[in-house]
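Residue 232 in our numbering sits at position 233 of the sequence shown; the count goes up by one each step and never skips. Every residue gets a Cβ at the ideal spot worked out from N, C-alpha and C, and that includes glycine. Written out below as C-alpha cells is the structure these notes cover.
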Amino acid sequence: MNLLDIRNVKMTLLLLIGLCAMTSAYKITQLKVPLYADPRRAAELSCHFIMDDYELHSVKLYRDLDEIFRYNPSQKPQIRLYNVTGVMVQGGECESEWCLVRVMPAPVATQAAYTCEISTEGPKFMIARKTKQMTVVALPDRDPVITGAPRILKPGEQALLNCTSDYSLPASVINWYIDDELQKPEPWLRTELSEPQPGGLRSSSRVLRLKMPPETTGTLRVRCEAVLMVEPPVVRDTSAIVTLLSQTQLSKYVSKADINTAHAMNIAIVWTLNKFF
Ligand SMILES: *[C@@H]1O[C@H](CO)[C@@H](O)[C@H](O)[C@H]1NC(C)=O
Ligand SMILES: *[C@@H]1O[C@H](CO)[C@@H](O)[C@H](O)[C@H]1NC(C)=O
C-alpha cells in the first residue's frame, strides 16, 4: 500500500489518539537499525513493541516509502516480504513483542530511512511509528599503499608515485601532500577506480609527479590520504620520505653507486658463465 495515500488519514487518527488517550498503551519501544550496513552481508533490523490491552493487527516495515515487510498474525501467510529497488528482503520472524527482518542492501553507497509501523486491530486500526536511517558503506581495512617512491631524488629528476587505496564503498578520494601541503591534481593525473568487487567495493589510485626543485636539499615527506566521503569522513594515510641530493652530495653518491654497479656486473658475469657451463 502506498504510504503517502494513507498518511493523511493516519495523521488524523494520530491526532485523535493524542486527544482521546493521553496515555497510549500500544507503542514501539525500540527500533534497532544499524547506522552503517556492509553491502557484503545482510543487515538485521528489529522492531520492539508493547500492546498492553490492545490486539496487534499488523507490523510493517518500510524502506523510505516502500513497504518491504508485513506481519499479520491473523492471516496466512503471517509474514510477507516485498523486494524493492535498493534492497532485497531475505526473511523475517516475529514474536508477540518484536519482529526481526534481514535485508540485503544493494551495492550502492546510499542512505535510506527505515520505518516500523504497528497497528492495533480494527475497527480503529490505530498506529504507532518509529524511523531510523541506515547508510550502506564498506570501510577500508588497510592504509593506502605508495609505489614508485624513490629513496633519493637527484637535481632535475622527477618521479611518478602511485597511491592505491584499499577497497571501499564509496570509493576513496585520494589526496597527495608534500610536507603537509595539499597538491593540486594535474588534469591528466586524476583518481582512477578499479573494477567493482562483490558488494560494489572499489579501490582508487592516483599518481603524483614529484619534481626535484633546483637548489634544494634535505628531505621531503610525501603523504597520500585516502578519504571516504561519509559523515563523518573516514581518513587513512601513508607516508614516504624522499631524500633530495645536491650536486656536491651527488658526486659522493655517484662514486658509491659506481661501486654498486661494478658489483652488480660481477654477479651478472658469474651468472652468465654458470649458464654456459
Ligand atoms: C527477492 O529477490 C531474491 C533475489 O532475486 C529472491 O530470491 C527472493 O525470492 C525475492 N523475494 C521476494 C519476496 O520476492
Ligand atoms: C597505480 O597502481 C594501481 C594499482 O596497482 C594500478 O591499477 C594503476 O593502473 C596504477 N596507475 C598508474 C597510472 O600506473
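- Leucine 160 and isoleucine 145 do touch by the CB rule: their CB atoms are close to 6 Å apart, below 8 Å.
- The three-state reading of DSSP puts glycine 217 in strand, counting E and B together.
- Given a length threshold of 3 residues, each whole run of the beta strand (DSSP E) inside the stretch 42 to 108 is given here in chain order: 42 to 49, 55 to 62, 65 to 70, 78 to 80, 86 to 94, 97 to 104.
- Take alanine 137, set aside five residues on each side of it, and the residues of its chain with a beta-carbon closer than 7 Å to its own are Asp37, Pro38, Arg39, Ser167, Leu168, Gly198, Leu200, in chain order.
- For glutamate 191, the shortest C-beta to heavy atom distance toward ligand 2 is below 7 Å.
- Put simply, of Leu207, Thr215, Val229 the residue whose alpha carbon is nearest the alpha carbon of leucine 243 is Thr215.
- Between glutamine 132 and the set Pro33, Val233, Lys26, the nearest pair of CA atoms involves Pro33.
- Short of 7 Å from the beta carbon of aspartate 142, and not among the five residues preceding or following it, lie these beta carbons of its own chain, in chain order: Arg235, Asp236, Thr237.
- Counting every other CB atom within 10 Å of its CB across the protein chains shown gives arginine 222 a total of 16 or more, marking it as buried.
- Among the bridge pairs identified by DSSP, lysine 129 is matched with Cys115.
- A Cβ-Cβ distance of about 13 Å is found for the pair glutamate 92 and histidine 47, leaving them out of contact under the 8 Å criterion.
- For isoleucine 240, the closest C-alpha among the options Val86, Gly217, Val226, Pro232 is that of Gly217.
- Secondary structure remark: continuous beta strand (DSSP E) runs of at least 3 residues inside the stretch 186 to 211, in chain order: 203 to 210.
- Considering only Val229, Ser202, Ser171, Val206, the residue with the shortest C-alpha distance to tryptophan 187 is Val206.
- Across the structure, tyrosine 35 and serine 245 are spaced so that their CA atoms are roughly 51 Å apart.
- Under the three-state reduction of DSSP output, alanine 170 falls in the coil class, being neither helix nor strand.
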